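All residue numbers for the sequence shown refer to the working numbering, where the first residue is 1 and numbers rise by one.
Using N, Cα and C, we set each Cβ at its ideal position, and we do this for glycine too.
Note that this is a predicted model, so its numbers are computed, not measured.
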Amino acid sequence: MTTPPMIINALGQLDNPNDPRSQAAASELNASSEQFTVDARTLTEARASGLTAVNITLGYVMGDLPPYEHTLHEIDVWDGITARHPDELLKVTSVADIESAARDGRIGVIYGFQNAEAVGDDVGRVAVFAERGVRVVQLTYNQANHLGGGSMAPADTALTGFGREVVDALNDRHLMVDLSHSGERTCLEAARHSSVPVSINHTGCRALTDLPRNKTDEELRLVASRGGFVGIYFMPFLSPTGHARATDVVEHIVHAVNVCGEDHVGIGTDGPVTAIDDLGAYRAHLAEHVARRQRAGVSAAGERADTYPFVVDLRGVDQFRELIRLLEQRGFSTERIEKIMGRNFVDYARRVWAE
1 MTTPPMIINA
11 LGQLDNPNDP
21 RSQAAASELN
31 ASSEQFTVDA
41 RTLTEARASG
51 LTAVNITLGY
61 VMGDLPPYEH
71 TLHEIDVWDG
81 ITARHPDELL
91 KVTSVADIES
101 AARDGRIGVI
111 YGFQNAEAVG
121 DDVGRVAVFA
131 ERGVRVVQLT
141 YNQANHLGGG
151 SMAPADTALT
161 GFGREVVDAL
171 NDRHLMVDLS
181 HSGERTCLEA
191 ARHSSVPVSI
201 NHTGCRALTD
211 LPRNKTDEEL
221 RLVASRGGFV
231 GIYFMPFLSP
241 TGHARATDVV
251 EHIVHAVNVC
261 GEDHVGIGTD
271 GPVTAIDDLG
281 AYRAHLAEHV
291 ARRQRAGVSA
301 AGERADTYPF
311 VVDLRGVDQF
321 RELIRLLEQR
331 GFSTERIEKI
341 MGRNFVDYAR
351 RVWAE
């Protein structure tokens, strides 16, 4: 591929995980965005990777912080980060912003949630979040909440009546309804209820690796059939061993394309561009972090002390170029690769966001 494609990470991070502040934050359950490190290395390597835009996680995900207040604070934090780096970052609220970032060589920052807990019992808060620039709202994390079931809740946990109201409000405000982390019944019911196409921004295929964080073919097919989007992550859940490799990422992309069609599949790595430099030191702290998540009831099946939350041979500045190389090697055409690396997300965003 001679011309670099537009690269959209449907769920990722802007962070330097080697900075002590980020290392400390990574070991916490209540980490705040202001603890992570958007420094010169973060920005230089993100741009060098070819990244065009990334959906970042802000706001409440888990823990004992007040969900609504914490989420508003996180939006303030990221507004400050983008304002301090106008030559490198652009807050994305429309497809036009993504296209502008691509032209200018900046990184588009898409504000997203990984838990809708911050809505509380007031569906009117969806409008507040929309006005503040949020464009992606994931309904649940791994556990159940008052909207529906997460991936670790019983499989038959339904989308609640209030969950339906929230989906309606997200549709009305032209925000993406993200069903990553949701349980199977909640995912299927939300996809059917939504009047607007929905997404699963970071997942794997359960037909290849039978873990709750991966989606069944029924879920993938339904989301795609209604005009939605599915992003494949770079996570350990892609392999039954827990030690996923780049070839596993490719296999899950291939399967997703076979189930969903080539117009509905992309990537949502669930990680940063900047790689951890000292894996030995990181490994020493990983077991306690996993144990802490398990004790808090927020971990997913497949999280283990000996599994990295990333794909070891698909990290760093060259991760997207390496994936492109492997997809070319697998026989994917230039057009199909361009769709997977970014065009499909942009087309999906155009179907959902108000322009």
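Residue i burial status per 10 Å Cβ neighbour count (16 or more: buried)
| i | result |
| --- | --- |
| PRO236 | buried |
| ASP359 | Any question about residue 359 goes unanswered here, given that the chain covers just 1 to 355. |
| HIS285 | exposed |
| GLU69 | exposed |
| LEU314 | buried |
| SER195 | exposed |
| ASN211 | Before going further, note that residue 211 is Leu rather than Asn in the sequence given. That one is buried. |
| LEU279 | exposed |
| ARG206 | buried |
Residues bridged to residue i (per DSSP)
| i | result |
| --- | --- |
| MET176 | VAL136 |
| LEU89 | ILE107 |
| PRO272 | GLN13 |
| SER199 | ASP178, PHE229 |
| PHE113 | VAL137 |
| CYS205 | LYS215 |
Which listed residue (the options) has its alpha carbon closest to that of residue i
| i | options | result |
| --- | --- | --- |
| LEU208 | HIS255, LEU220, TYR60 | HIS255 |
| HIS73 | ALA118, GLU88, ASP87 | ALA118 |
| VAL265 | THR186, GLN294, LEU220, MET6 | LEU220 |
| ILE110 | ILE337, SER299, ALA10, GLU165 | ALA10 |
| VAL249 | GLY228, ALA190, MET341 | MET341 |
| VAL346 | ASP97, THR71, CYS187 | ASP97 |
| THR216 | ARG226, GLY227, ALA244, ARG185 | ARG185 |
| ILE56 | LEU159, GLU189, ARG135 | ARG135 |
| ARG293 | GLN143, GLY59, ALA130, VAL92 | GLN143 |
Test: residue i CB closer than 8 Å to a CB of chain B
| i | result |
| --- | --- |
| GLN138 | The chain inventory of the structure shown lacks chain B, comprising one protein chain alone. |
Own chain residues within Cβ distance below 6 Å of residue i, not counting five before or after
| i | result |
| --- | --- |
| VAL137 | PHE113, ALA116, LEU170, LEU175 |
| CYS187 | LEU179, GLU219 |
Distance cut-off 7 Å: residue i Cβ against heavy atoms of the ligand FAD
| i | result |
| --- | --- |
| LEU139 | Although the ligand FAD was asked about, the structure shown includes no ligands whatsoever. |
Cutoff 7 Å; reference residue i; Cβ partners in own chain excluding five residues on either side
| i | result |
| --- | --- |
| ARG132 | ILE75 |
| ARG41 | ASN16, THR274 |
| VAL95 | VAL346, ALA349, ARG350, TRP353, GLU355 |
| GLU262 | ARG336, LYS339 |
Same chain only: Cβ atoms within 8 Å of residue i, ignoring 5 sequence neighbours per side
| i | result |
| --- | --- |
| ILE107 | LEU14, LEU43, ALA46, ARG47, LEU51, THR52, ALA53, VAL54, GLU88, LEU89, LEU90, ALA101 |
| ALA85 | Per the sequence shown, the amino acid found at residue 85 is His instead of Ala. Contacts found: VAL38, LEU43. |
| THR247 | LEU326 |
Practice task
Assess, as a yes-or-no matter, whether the segment 44-53 is touched by the segment 101-113 under the definition of 3 or more beta carbon pairs within less than 8 Å.
Solution key: yes
Practice task
For the segment 295-310 and the segment 327-337, state whether three or more C-beta atom pairs, one from each stretch, are separated by less than 8 Å.
Solution key: no
Practice task
Assess, as a yes-or-no matter, whether the segment 75-95 is touched by the segment 146-154 under the definition of 3 or more beta carbon pairs within less than 8 Å.
Solution key: no
Practice task
Decide yes or no for the touch test of the segment 226-234 against the segment 265-277: beta carbon pairs closer than 8 Å, at least 3 of them.
Solution key: yes
Practice task
Spell out a yes or no on whether the segment 174-190 and the segment 127-142 are touching, meaning 3 or more CB-CB pairs, one atom from each, closer than 8 Å.
Solution key: yes
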